[in-house]
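Heads up: the protein sequence lines correspond to chains A and B, in order. Position in the first sequence (from 1) plus 132 gives the number in my numbering. Position in the second sequence (from 1) plus 4 gives the number in my numbering. Ideal placement from N, C-alpha and C gives every residue a C-beta, glycine not left out. Each remark here refers to the structure printed beneath this line.
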Amino acid sequence: MTVTDTTEAVLAYDDVVAAYDPVLGLEVHVELNTATKMFCGCPTGFGAEPNTQVCPVCLGLPGALPVLNARGLESAIRIGLALNCEIATWCRFARKNYFYPDMPKNFQTSQYDEPIAFNGFLDVELDDGSTFRVEIERAHMEEDTGKSTHVGGSTGRIHGADHSLVDYNRAGIPLIEIVTKPVEGAGERAPEIARAYVSALRDLLRALGVSDVRMEQGSLRCDANLSLRAKVPGTAPGSAEQRAVPLGTRSETKNVNSLRSVERAVRYEMTRHAARLAAGLRIVQETRHWHEDTGITTSGREKSDAEDYRYFPEPDLVPMSPDPAWVDELRGTLPEPPPQRRRRLQADWGFADLEMRDLVNAGAVELVEATVAAGAAPAAARKWWSGELARRANADGVELAAMPVTPAQVAALQGLVDAGTLTDSLARQVLEGVLAGEGEPADVVESRGLRVVSDDGALGAAVDQAIADNPDVADKVRSGKVAAVGALVGAVMKQMRGQADAAKVKALLTERLAPADSTTDVTTS
Amino acid sequence: MSAISREEVSHLAMLARIDLQPDELDRLAAQLDVILDAVATVTQVAGEDVPATSHPMPLTNVTRPDEPRPCLTQEEALSGAPAAEAGRFRVPRILEED
Chain A
133 MTVTDTTEAV LAYDDVVAAY DPVLGLEVHV ELNTATKMFC GCPTGFGAEP
183 NTQVCPVCLG LPGALPVLNA RGLESAIRIG LALNCEIATW CRFARKNYFY
233 PDMPKNFQTS QYDEPIAFNG FLDVELDDGS TFRVEIERAH MEEDTGKSTH
283 VGGSTGRIHG ADHSLVDYNR AGIPLIEIVT KPVEGAGERA PEIARAYVSA
333 LRDLLRALGV SDVRMEQGSL RCDANLSLRA KVPGTAPGSA EQRAVPLGTR
383 SETKNVNSLR SVERAVRYEM TRHAARLAAG LRIVQETRHW HEDTGITTSG
433 REKSDAEDYR YFPEPDLVPM SPDPAWVDEL RGTLPEPPPQ RRRRLQADWG
483 FADLEMRDLV NAGAVELVEA TVAAGAAPAA ARKWWSGELA RRANADGVEL
533 AAMPVTPAQV AALQGLVDAG TLTDSLARQV LEGVLAGEGE PADVVESRGL
583 RVVSDDGALG AAVDQAIADN PDVADKVRSG KVAAVGALVG AVMKQMRGQA
633 DAAKVKALLT ERLAPADSTT DVTTS
Chain B
5 MSAISREEVS HLAMLARIDL QPDELDRLAA QLDVILDAVA TVTQVAGEDV
55 PATSHPMPLT NVTRPDEPRP CLTQEEALSG APAAEAGRFR VPRILEED
């Protein structure tokens, strides 16, 4: 623990919202999923050996000249359009100058006063079904920085580090920074709105197909700005009187890399700011670091005159002037807005609100859609993805979409269940084989010998054996205690190593153990 | 006509990570004044027929297709580095937060 990790005083949340009006500002950085970097042809794959996806351009070597990635520009414009922004008819890149080894050029190529997209909005659906409009200030293009590892310190953090090691594979990967206008009128729902906004933005970016949007891998990152101002008694959070009160000093919380953390970090900062203000202390304008484990923020660097980036137009990249006809063409490629799409699919599939929300939260909507398209019934597709597969993904700590099974394979698996080849329990074993890379479901059924035994002779023998092994239970059933048959079914299933249809086993047992006066025709051997 | 102050020179020196002594600040402030005046003569040329520009070439929308090109090897990438470790550039300890 470093000295900065001391816990600050906080105020109870109810007291915070009774006395103060929160104003949010959210900055989201999204890494585009282009094949190459923003200004050079280096690949962008995650997890390569350090400094193997670098070239003279992204290493900032003398004489190297950047050239803009056409798909990077296209993605930026599509994001802008999807956020209801105006698209610049003419704009430039700018150099953001600073000394920090994460950029070997000593500047980051970004956009300053001429963003590619500006003045938009995103309508965000909240848990109670209401909608909150978040106004977008701008979306601009820039490049990601290299990755630093700090060596020598006991904590692995920068404080106490002896030296740092830098890998520039990430330097130059296309980034779009999306900045909101001050979000006013959120009131006590500010933390929820912050989360819902990032969630809605993630869904939109995923639907656009422009990014992996993996918060845990850093391809979607959120910085949450928050300030408090005195609440005007007796007015609603978004009232004109409330908006007329000048904004308070803000803090900017970084390292917020899950949706849940966005909500928690905003809530924590509200309680921390309020405690300081209530005690007559000033808010320091600074960067704060969110700590997932302890649920608090600690002071980063103070934002003072060090924030002098001396922006100037990037001379090595020519201005951009997107043809309006092309922009219109791109407008035609926009996906159906995710909330609308979810409502349509939910109606088509006949799912309850809660079932649908579980799918959305698990990131399974597309997977279920594809599974249904491959022939599975919606309910069965939902059962696999939000049940067994969600459980396994969770246990393995991976995204559902990253599980090594395709929607087509899930549909094929369900097809085997529907055809009576597999029981649910056998199907789970087959799934295990598919996940282990043993091939298609039908292959796993063969290789592991997992099909339901339809040979009545073998099944009948197992039934007779179970009755012979458990005479007491058999007598109970004969005397009319039908519920006792369950124990015999279990014995048969065990004998058959699960490869039998339990309903059929029960039917056979019931036939054999029918009371003497039964008219059931016992025909099996 | 321009008057760059000693404080501005000090600020610029800090941003550029150049350690300047007090006497150097005074001397450079005067010199930078002369340089700025000289450069400012360019503004006399700008007019209706000569718009201000950031780029001398009348080009826009220069892009390349999103197709990978060969990279340097790790050895090549690190060959100009004063120090390297574990396939990475080794730099002095960073004081600020990430």
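Neighbouring residues, chain A, relative to Ala42/B (Cβ below 8 Å): Here the premise fails: no neighbours, minimum Cβ distance about 19 Å.
CA nearest to the CA of Asp37/B, picked from Ala88/B, Arg94/B, Thr64/B, Ile8/B: Ile8/B
Neighbour-count burial assignment, Met170/A, 16 or more Cβ in a 10 Å radius: buried
Given Ala167/A as reference, the closest of Val584/A, Leu545/A, Gly204/A once Cα atoms are compared: Gly204/A
Distance between Asn301/A and Thr77/B (C-alpha atoms, nearest Å): 12 Å
Backbone secondary structure at Asp601/A - three-state DSSP: helix
Whole runs of the alpha helix (DSSP H) within the region 430–471 of chain A, excluding any shorter than 4 residues: 456–463
Below-8 Å beta-carbon distance, Leu36/B vs any chain A residue: no
Burial state of Arg265/A (16 or more Cβ within 10 Å): exposed
Under the three-state DSSP convention, the category His59/B falls into: coil
Residues near Asp335/A by beta carbon distance below 7 Å, same chain, minus five either side: Pro470
Helix, strand or coil at Gly495/A [DSSP, three-state]: coil
Short Cβ contact (8 Å threshold) for Gly304/A with Cys223/A: no
Listed by chain order, chain B residues near Ala167/A by CB distance under 8 Å: Asp70, Glu71, Pro72
Neighbour list for Glu181/A in chain B, Cβ cutoff strictly below 7 Å: Gln78, Gly91
Complete beta strand (DSSP E) runs within the region 190–246 of chain A (minimum length 3 residues, chain order): 226–229, 239–242
Pairwise C-alpha distance: Leu32/B and Pro26/B: 10 Å
Pair within 8 Å by beta-carbon distance, Phe250/A and Arg270/A: yes
C-beta contact flag for Val155/A and Ala406/A at 8 Å: no
The region 8–18 of chain B touching the region 623–641 of chain A, judged by at least three CB pairs closer than 8 Å: no
Own chain, CB closer than 8 Å to Arg560/A, minus 5 neighbours either side, in chain order: Glu520
CB of Arg442/A within 8 Å of CB of Asn216/A, strictly: no
Continuous alpha helix (DSSP H) stretch holding Glu140/A: start and end: First-last for Glu140/A: undefined, no H or E at that position.
Whole-angstrom distance between Gly341/A and Gln478/A, CA atom to CA atom: 22 Å
For Pro26/B, three-class secondary structure by DSSP: helix
Nearest-angstrom Cα separation, counted from Arg580/A out to Glu564/A: 11 Å
Cβ-Cβ separation, Phe225/A to Leu449/A (assumed contact under 8 Å), whole Å: 5 Å
Chain B contact for Arg227/A (CB, 8 Å cutoff): no
Ser657/A versus Arg475/A - alpha carbon distance: For Ser657/A, the predicted structure reports a pLDDT of 41, less than 50, and the residue's modelled location is therefore unreliable. A value from the coordinates is still provided. So the two alpha carbons sit approximately 54 Å from each other.
Burial state of Gly464/A, where buried means 16 or more other Cβ atoms lie within 10 Å: exposed
Any 3 or more C-beta pairs closer than 8 Å across the region 480–494 of chain A and the region 235–246 of chain A: no
Residues of the region 173–201 of chain A with Cβ closer than 8 Å to any Cβ of chain B, in chain order: Gly173, Cys174, Pro175, Glu181, Pro182, Asn183, Thr184, Gln185, Val186, Cys187, Pro188, Leu191, Leu193, Val199, Leu200, Asn201
Distance between beta carbons of Pro536/A and Gly569/A, contact taken as under 8 Å: 7 Å
According to DSSP, residues forming a beta bridge with Met273/A: Ile308/A
Given Tyr244/A as reference, the closest of Leu567/A, Ser343/A, Phe444/A once Cα atoms are compared: Phe444/A
Gly589/A burial status per 10 Å Cβ neighbour count (16 or more: buried): exposed
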